[in-house]
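Asker: What follows is a structure written as structure tokens; I'll ask about it next.
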Amino acid sequence: MRSINLHLKVLIIMLLLLGVSITAYQILGLGIPVTQDETDDLWSIDTKVTFTAIPHTPVKVQMFVPPLTQGYVSLNESFVSNNYGVSVNRVDGNRQLTWSARRAKGEQTLYYRLVMTKRFSNEKPSDEKGPVTRDPIQLPDGPERLAAESLIAPIRQHSADIETFISETIRRVNNTNDDNVKLLLGNDSSIGKKAQIVDLLVSMARVPLEKVHTLRLAANLQQNPELWLRSYNGKEWLYFNPETGERGLPNDRLIWWSGDTPLITVDGGRKPDVTFTFDSSQLNAIRLAQLTNSSIEAAFMDFSLYGLPLQTQQTYQTMIMIPIGVLVILILRNLIGLQTLGTFTPVLIALAFRETGLQWGIGLFTIITALGLSLRSYLEHLRLQMLPRLSVVLTFVVVMIAAISLLSHRLGFESGLSVALFPMVILTMTIERLSITWEERGANHALKVAIGTLFAGSLAYLLMKIPALVYFIFTFPATLLILVAFMLAMGRYRGYRLTELVRFKALLKDN
Amino acid sequence: MFGLIKTWKALSAMGIMGINRRNADYVLKYNKRSLYPVVDDKILTKQRAIEAGINVPELYGIISTEHDIKLIDTIIDTHRDFVIKPAQGAGGDGILVIADRFEGRLKTVSGKIVARSDLDYHISSILSGLYSLGGHRDRVLIEYRVIPDELFNNISYEGVPDIRIIVLMGYPVMAMLRLPTRQSGGKANLHQGAIGVGVDLATGLTLRGTWLNAKIEKHPDTAHPVDGVQLPDWDGFMRLAASCYELSGLGYIGVDMVLDKDKGPLILELNARPGLNIQIANDSGLTQRTQAIEGRMAECLAENRADSVEERVAFAQRLFGHQTPVQPL
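Keeping their order, the protein sequence lines are chains A and B. The letter at position 70 of the first sequence is residue 50 when you use my numbering, and the numbering goes up by one with no holes. One rule links them: number in my numbering = place in the second sequence (from 1) + 8.
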């Protein structure tokens, strides 16, 4: 006995040490985050280009794609273009994509897909510097020049630096009641024309200005590139909205390209059209790190559960929590003294709750068990043997579940449908055991046990679905060794159960 | 919270054994799993007892297949009263007690007439595993009907009172008389509402009792005091219980015995996981006693000898007997 005790102690300590040291290595050595940061947005942008090819001529499509200098990082970039050659070049701080083909016929569709995210690009985007000065755009003598000069004078007066100068210019150009502005714009009051006038005026003060074309990171939104203006003040880029003079680029804007060149030019094609589709999904930090492959050693990733395919990972995220549920039952039964039906029935019920949610789960469990019990007591009168009786109860449970699904579907509760997966065999066994308990030990005891089972199941379910806990155990599976050490220690626990303190209270009355 | 810690300490000081300690230190340590069938199957228990020359209610017959049901006629032919039991039943379920005949039909203790078809159906249910643990196929046991000694008429309600002695490695540890009540439906199971009454190991005098986890001193149905009753042939009970260790090989058991009017102490069944309420009935903890016995066993081991049944009984009576007489509540 003594040698067994020593054996057990050594085993417990070894498991504990192993679990703690592996987890500590993962946290301190590899720097894996302990908690799951708020999930990061992952954007996938689909750009669809359509045009009609002119027969018998070579086709060359040039389109700008995001330069990704803004603190975004590209996780994946793909080009779907049958029979087209693809190349990407950097041109003046832009990236230009070129699709080319010897010949093409009819309607052509090309795709460019970019998957990107904001995080894990710690190094500050290498902002290339812009020019700080330039020559004024020369206007021929005439009314335009006069109008421009009379506009520039008050702007100079009302501004202190480049920033205020540009925004003042934008404000004035957008005041279409001003005769000078009217003259300069002519009949064209589009943003493009306004931006052009702003550019002209600003150039007269030798201040450089650049057009940038941006897209909003927003899902399910029909959009075209939006024009912004920017200027380099020697330290950083200043961004301006050409219509309102508003300063600063909002966070959800992605710079697609800069300059005056149009987004797309097609040689050997007609009617080019570009549509953008934005889609966002969420991804946790670990998965991102794995994709960007920057901060965590790949070797670790190969041996962690994150190395599994995504589908399998989800299954394991459920499975790896089962020991937590079992631990709950162990504590409730051996430390507290709660009575439950069977040993691990509550864990199975907790798993079933995952399909239905807690309230629905408890409701359905109660209803089906109550009805099943009344059926069981009716069958008792018929004096059936065990196997046929169990079969009848199981069939009844299936029919009940189907009926509840149908009813809840009619009433418009979708959660009723998920019940289909509520494990029927567990319910049947619960009904059978509960009814035996009822006969052997009375209704009170049966009720106590049923409530105990539901309580243990609910508690296990609630613990098993805490996202932070799921993340922790899934990321640091060595914690399971610590759990095992605790369970082993519990195997030799000899103290009282909490309920026994009440049970034996009578013994203390006289003393 | 403080109250709980206080209760914990007080119980611990009294040596009250909890479920966890019983399972870890006694059931798991002294009871080999492979020997459980001996106590789980009443037929096996009985056969072992007969081989060892221990008194049990006489076995009239065994039915183990549906085909054999018709043999019941020859089995009960010569017996006016008898008991039908599932061999692996638990908690007294499935037991049918036939006390008499009435115009060729059978009559239970309470006077209910049982038709032959009912009897056949009952046996068939037992065979199909209706009453057995886990629903396994079972066998039917037909045996002598115990008629309780008249001594118990005042402190029992229907049914047969039985005497349980907890035995550790052949040393009696604690004893209890279990009295059926109206609530327990004539069954002598504490969790079904029967009364447990402590018994002094040395003298066989009853002490106060426990009913539904509380202490009592009168039978709730007959209002007679349960304490101060002298059980006859007490040493016989003690020897019977102590010898069950050799019979079963299990180190920690509860031995259930009855006192028959004519045949004296008989062994009914053994239990490999005896309950803990016996401690309330005796107002005493099990742990100190079991530890004393373990000390004695260590001594014997050192001297390289083993106590005989008589020595074990004497040891238990010397150490655990002569409890302080009951003070009026």
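Backbone N, C-alpha and C define an ideal beta-carbon position, used for all residues, glycine too. Quick caveat: nothing in here was measured; it's all calculated off a predicted structure.
Does the beta carbon of residue 12(B) come closer than 8 Å to any beta carbon on chain A?
Answerer: True, the Cβ-Cβ gap to chain A drops below 8 Å.
Asker: Between which residues of its own chain and residue 299(B) is the CB-CB distance below 6 Å, once the five residues before and five after are set aside?
Answerer: Result list for residue 299(B): empty, nothing under 6 Å.
Asker: Put residue 492(A) into one of helix, strand or coil per three-state DSSP.
Answerer: Only positions -19 to 491 of chain A appear in this structure, which leaves residue 492(A) out of reach.
Asker: Rounded C-beta distance between residue 488(A) and residue 18(B)? I'm assuming under 8 Å.
Answerer: With 8 Å as the limit, residue 488(A) and residue 18(B) qualify as a contact, their Cβ atoms being about 5 Å apart.
Asker: In chain A, which residues lie with their C-beta within 7 Å of the C-beta of residue 221(B)?
Answerer: Those within 7 Å of residue 221(B) in chain A are 483 and 486.
Asker: Which chain B residues sit within Cβ distance under 7 Å of residue 365(A)?
Answerer: What residue 365(A) touches in chain B: 136.
Asker: Which value, in whole angstroms, describes the spacing of the CA atoms of residue 208(B) and residue 478(A)?
Answerer: Distance between the alpha carbons of residue 208(B) and residue 478(A): 30 Å.
Asker: Considering only C-alpha positions, which residue in the set 104(B), 87(B) and 97(B) is nearest to residue 112(B)?
Answerer: The shortest C-alpha separation from residue 112(B) is found at 87(B).
Asker: For residue 147(A), which residues in the same chain have their Cβ closer than 7 Å to its Cβ, ignoring the five residues on either side in sequence?
Answerer: Closer than 7 Å at Cβ, skipping near neighbours: 220, 225 and 227.
Asker: Restricting to Cα atoms, I'd like to know which of 165(B), 282(B), 326(B) and 85(B) is closest to residue 29(B).
Answerer: Among 165(B), 282(B), 326(B) and 85(B), the Cα nearest to that of residue 29(B) belongs to 282(B).
Asker: Nearest CA to the CA of residue 240(A): which residue from 192(A), 473(A) and 125(A)?
Answerer: For the residues 192(A), 473(A) and 125(A), the minimum Cα distance to residue 240(A) belongs to 192(A).
Asker: Could you pull the start and end residues of the beta strand (DSSP E) that residue 237(B) belongs to?
Answerer: Run containing residue 237(B): none; DSSP gives neither H nor E here.
Asker: Going by C-alpha distance, which of 375(A), 458(A) and 387(A) is nearest residue 352(A)?
Answerer: It is 375(A) whose Cα lies nearest to the Cα of residue 352(A).
Asker: Are the Cβ atoms of residue 279(B) and residue 261(B) separated by less than 8 Å?
Answerer: Result yes, Cβ atoms of residue 279(B) and residue 261(B) sit closer than 8 Å.
Asker: Can you check which of these residues, 63(B), 114(B), 82(B) and 31(B), is closest to residue 471(A) by C-alpha distance?
Answerer: Nearest option by C-alpha distance: 31(B).
Asker: Between the beta-carbon of residue 269(B) and the beta-carbon of residue 156(B), is there less than 8 Å?
Answerer: In contact: residue 269(B) and residue 156(B) (Cβ atoms closer than 8 Å).
Asker: Under 8 Å between beta-carbons, which chain A residues line up against residue 133(B)? List them in chain order, please.
Answerer: Residues of chain A passing the Cβ test: 363 and 365.
Asker: From residue 15(B) to residue 482(A), what does the alpha carbon distance come to, in whole angstroms?
Answerer: Going by the C-alpha atoms only, they are around 9 Å apart.
Asker: Just verifying my parser: in three-state terms, what is the DSSP assignment at residue 114(B)?
Answerer: It is a strand residue.
Asker: Can you give me, in chain order, the residues of the stretch 283 to 299 of chain B that have a beta carbon less than 9 Å from any beta carbon in chain A?
Answerer: Here the close residues are 284, 285, 287, 288, 291, 292 and 293.
Asker: Taking buried to mean at least 16 other C-beta atoms within 10 Å of its own C-beta, is residue 171(A) buried or exposed?
Answerer: Residue 171(A) should be labelled exposed.
Asker: Please compile the residues from chain B whose C-beta is within a distance smaller than 9 Å of the C-beta of residue -18(A).
Answerer: Chain B residues near residue -18(A): none, gap ~12 Å exceeds 9 Å.
Asker: Does the beta-carbon distance from residue 312(A) to residue 321(A) come in below 8 Å?
Answerer: It is not a contact, given that the beta carbons lie outside the stated cut-off.
Asker: If we count the other Cβ atoms within 10 Å of its Cβ and call it buried at 16 or more, is residue 295(B) buried or exposed?
Answerer: Burial call: buried.
Asker: Are the CB atoms of residue 32(A) and residue 249(A) within a distance shorter than 8 Å?
Answerer: Closer than 8 Å, so yes.
Asker: Starting from residue 264(B), follow the beta strand (DSSP E) in both directions and report where the run begins and ends.
Answerer: Run containing residue 264(B): 260 to 268, per the beta strand (DSSP E) assignment.
Asker: Check the DSSP bridge columns for residue 185(B) and list the partner residues they point to.
Answerer: Residue 185(B) is bridged to 171(B) and 205(B).
Asker: Below 9 Å on C-beta distance, what does residue 200(B) contact in chain A?
Answerer: The contacting residues are 420, 421 and 422.
Asker: Just the chain A side, please: which residues come within less than 7 Å of residue 129(B) by C-beta, in chain order?
Answerer: Within chain A, the residues near residue 129(B) are 363.
Asker: Taking three-plus beta-carbon pairs below 8 Å as touching, is the stretch 201 to 209 of chain A in contact with the stretch 176 to 191 of chain A?
Answerer: The stretch 201 to 209 of chain A vs the stretch 176 to 191 of chain A: in contact.
Asker: Kindly indicate which three-state DSSP category residue 42(A) falls into: helix, strand or coil?
Answerer: Three-state DSSP puts residue 42(A) in a strand.
Asker: With a cut-off of 8 Å, does the C-beta of residue 358(A) fall near any C-beta of chain B?
Answerer: Closer than 8 Å: no.
Asker: Once you ignore the five residues that flank residue 221(B) on each side, which residues in its own chain have a CB closer than 8 Å to its CB?
Answerer: So the list reads 285 and 288, once near-sequence residues are dropped.
Asker: Would you decide whether residue 125(B) is buried or exposed? Buried here means 16 or more other CB atoms lie within 10 Å of its CB.
Answerer: Exposed.
Asker: Look up residue 323(A) in the DSSP assignment and say whether it is helix, strand or coil.
Answerer: Coil, per DSSP.
Asker: Strictly by DSSP, which residues pair up with residue 3(B)?
Answerer: Here chain B covers residues 9 to 337 and nothing more, so residue 3(B) does not appear.
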